[in-house]
Amino acid sequence: MQVNWKGVFPAVTTKLKADGSLDRDAIVSGLNRLIENGVGGVVMMGMVGENAQLTPEEKRTVLKIAVETVNGRVPVISGLAELNTANAMQFAQDAETIGVQGLMVFPGLTYRSDDRETVEYYRSIARSTKLGLMIYNNPRGYGVDMRPDLLAQLADEPNVVAIKEETYDTTRVTDLYARFGERFVVFCGVDDLIVESVALGVKGWVSGMANAMPKESVDLLNYAVNGEYDRARALYRALIDLFHLDTHVKLVQYIKLAENITAGYPEYVKAPRLMLEGEERQRTIAIVEKAIANVRALAQ
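So in UniProt numbering, spot 178 of the sequence shown is number 178, and the numbers just go up one at a time.
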């Protein structure tokens, strides 16, 4: 399948059972729900998908479930987060064999590579597979920034096709388009910057809260892309407090709780994460319920 790198690509949660094992039925149901609500693709095992907490076997099992379930309806993109280059190259090859259509590649975990090392890391992975690569750029979370001058060194790698921009600075979007034109597809990687980013030219959105509100997320992106800014602003304002949760260190727990409220999926997480409790849990529930009420009010 040729990947059409645009639209809402939810960073899909990895549904788990109470004992921490994979919940296959919930994973399948969740993927079908996202596709039925119009997403452009699905990203398995991003940070929201708890990539770093899954075993190598679990990672490959998740991909097999996804490829089988999606069955070509939308592209399946796999997160790639490994400790070293050799493991990353092997995972890329395994993911290609399983049948995914692309990779969202994190910087190497635990070690903060310098500029030369960062470029070589991505180049090595790109040359190990035929799959298209989306670079995951989140310097706040991972300490490595794929700046435009570094990305320029990968412009001759045809497999490097997209970048998930999560610098929390919308000027970076303009910098990328000013320097590269349409060479790379720029995705917004921050839920509470999506409308601003579309106004500056982004083509897609890797979204966490789309797990909980897929239809509304698809509608929001479409309104913005089509220039229907009155509708986009109204829906954005209705969802903005919910979207702010996507930028917190506990975004996985917040998103899973929101998804539990809106769709009934399990909110179990892999340790060392723990499920929310007490005031934090009640505050999160209130934010989710407010977003639901806001959307209903808009429909009246």
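Glycine residues also receive a C-beta, built at the ideal position from the N, C-alpha and C atoms.
Anticipated Cβ contact below 8 Å, V218 with V74, distance rounded: As a first step, residue 218 is located in the sequence shown; it is residue number 218 there, counting from the start. As a first step, residue 74 is located in the sequence shown; it is residue number 74 there, counting from the start. Your pair V218 and V74 does not check out as a contact, with CB atoms roughly 12 Å apart and the cut at 8 Å.
What residue range does the beta strand (DSSP E) around E165 cover? Walking along the sequence shown from the start, residue 165 turns up at place 165. In the DSSP annotation of this structure, the continuous segment of the beta strand (DSSP E) that includes E165 starts and ends at 160-165.
On the three-pair Cβ rule with 8 Å, is the segment 135-152 touching the segment 218-227? Taking a cut-off of 8 Å for Cβ pairs, the segment 135-152 and the segment 218-227 do not touch, as fewer than three such pairs fall below it.
Considering only the beta carbon of each residue, do T262 and I292 sit closer than 8 Å? Taking the first residue of the sequence shown as 1, we reach residue 262 at position 262. Taking the first residue of the sequence shown as 1, we reach residue 292 at position 292. Their beta carbons are under 8 Å apart, which means T262 touches I292 by this criterion.
Quick one: using the 10 Å Cβ neighbour count with 16 as the cut-off for buried, is Y122 buried or exposed? Taking the first residue of the sequence shown as 1, we reach residue 122 at position 122. In this structure Y122 is buried. Its beta-carbon is surrounded by 16 or more other beta-carbon atoms within 10 angstroms.
Less than 8 Å between the C-beta atoms of G99 and M134, yes or no? On the sequence shown, position 99 is the one that residue 99 refers to. On the sequence shown, position 134 is the one that residue 134 refers to. Not in contact: G99 and M134 (Cβ atoms no closer than 8 Å).
Please classify N32: does DSSP put it in a helix, a strand, or coil? Reading the sequence shown from its first residue, position 32 is the one you call residue 32. In this structure, DSSP gives N32 a helical state, which the three-state scheme calls helix.
In the DSSP output, what is V8 paired with across the bridge? Locating residue 8 in the sequence shown gives position 8, where the first residue counts as 1. Partner(s): W205.
Closest Cα partner of D246 within the set Y168, A18, L63, I35: The residue you call residue 246 lines up with position 246 of the sequence shown. Nearest C-alpha to D246: Y168.
Looking at the strands, I want to know which residues DSSP matches up with N137. Counted from its first residue, the sequence shown places residue 137 at position 137. Answer is E165.
Do you know how far the Cα of T118 is from the Cα of N137? Residue mapping note: residue 137 aligns to position 137 of the sequence shown, counting from 1. Residue mapping note: residue 118 aligns to position 118 of the sequence shown, counting from 1. The C-alpha of N137 lies about 11 Å from the C-alpha of T118.
Quick check: the segment 197-205 against the segment 26-36, are at least 3 beta-carbon pairs closer than 8 Å? No: the two stretches stay apart, fewer than three of their Cβ pairs being nearer than 8 Å.
Quick check on the burial criterion: 16 or more other C-beta atoms within 10 angstroms. Buried or exposed for R140? Counting from 1 along the sequence shown, the entry for residue 140 is found at position 140. Exposed: under 16 other Cβ atoms inside 10 Å.
Just tell me which of V43, E82, L235 has its CA closest to the CA of T55. Taking the first residue of the sequence shown as 1, we reach residue 55 at position 55. When only C-alpha atoms are compared, the closest one is E82.
Would N159 be called buried (16 or more neighbouring beta carbons within 10 Å of its own) or exposed? For the purposes of this step, residue 159 is identified with residue 159 of the sequence shown, where counting begins at 1. N159 sits buried, since 16 or more C-beta atoms from the chains shown fall within 10 Å of its C-beta.
Please report how far the alpha carbon of I255 lies from the alpha carbon of S21, in whole angstroms. Here residue 255 refers to the residue found at position 255 when the sequence shown is read from its first residue. Here residue 21 refers to the residue found at position 21 when the sequence shown is read from its first residue. I255 and S21: Cα-Cα distance of roughly 19 Å.
C-beta contact flag for I77 and M104 at 8 Å: Residue 77 sits at position 77 when you count from the first residue of the sequence shown. Residue 104 sits at position 104 when you count from the first residue of the sequence shown. Yes.
I think V161 touches F184, with their Cβ atoms under 8 Å apart; what is that distance to the nearest whole Å? Along the sequence shown, one-based indexing puts residue 161 at 161. Along the sequence shown, one-based indexing puts residue 184 at 184. Contact annotation, V161 with F184: C-beta distance approximately 7 Å; criterion of less than 8 Å satisfied.
Contacting residues, own chain, Cβ-Cβ under 7 Å from D175 (five flanking each side not counted): As a position in the sequence shown, residue 175 is number 175, starting the count at 1. Correct list, in chain order: P148.
According to DSSP, simplified to helix, strand and coil, what is F91? Translated into positions along the sequence shown, residue 91 becomes position 91. Three-state result, F91: helix.
Which same chain residues end up closer than 8 Å to M209 when comparing Cβ atoms and leaving out the 5 residues on each side of it in sequence? For the purposes of this step, residue 209 is taken as the residue at position 209 of the sequence shown. Short of 8 Å from the beta carbon of M209, and not among the five residues preceding or following it, lie these beta carbons of its own chain, in chain order: D191, S217, L239, L242, F243, L245, D246, I255, A258.
Check each candidate in E267, D115, T129 and name the one with the smallest Cα separation from A152. In the sequence shown, counting from the first residue as 1, residue 152 sits at position 152. With respect to the C-alpha of A152, the residue from E267, D115, T129 having the closest C-alpha is D115.
Rounded to the nearest angstrom, what separates A178 and V28 at their Cα positions? Here residue 178 refers to the residue found at position 178 of the sequence shown. Here residue 28 refers to the residue found at position 28 of the sequence shown. When rounded, the distance between both Cα atoms is 40 Å.
Would you mind giving the Cβ-Cβ distance between L16 and V269, rounded to the nearest angstrom? I have them listed as a contact below 8 Å. Translated into the one-based positions of the sequence shown, residue 16 becomes position 16. Translated into the one-based positions of the sequence shown, residue 269 becomes position 269. L16 to V269, Cβ: 7 Å. Contact.
Measuring straight from C-alpha to C-alpha, what distance separates A212 and L298? As a working mapping, residue 212 is identified with position 212 in the sequence shown. As a working mapping, residue 298 is identified with position 298 in the sequence shown. When rounded, the separation of the alpha-carbon atoms in A212 and L298 is 18 Å.
Between L63 and A26, is the Cβ-Cβ spacing less than 8 Å? Stepping through the sequence shown from its first residue, residue 63 is reached at position 63. Stepping through the sequence shown from its first residue, residue 26 is reached at position 26. No, the Cβ-Cβ distance between L63 and A26 is not below 8 Å.
Which residues in the same chain have their Cβ closer than 6 Å to the Cβ of G189, if we skip the five residues on either side of it in sequence? For the purposes of this step, residue 189 is taken as residue 189 along the sequence shown, with counting starting at 1. The answer, listed in chain order, is K164, E165, E166, V206.
Just reading off the alpha helix (DSSP H) that V295 is part of, what are its end residues? Sequence index remark: in the sequence shown, residue 295 carries index 295 (1-based). 278-299 is the span of the alpha helix (DSSP H), which, as asked, contains V295.
Cutting at 6 Å between CB atoms, please list the residues of its own chain near L221, excluding the five before and the five after it. Here residue 221 is taken as the residue at index 221 of the sequence shown, counted from 1. Hits under 6 Å: V8, W205.
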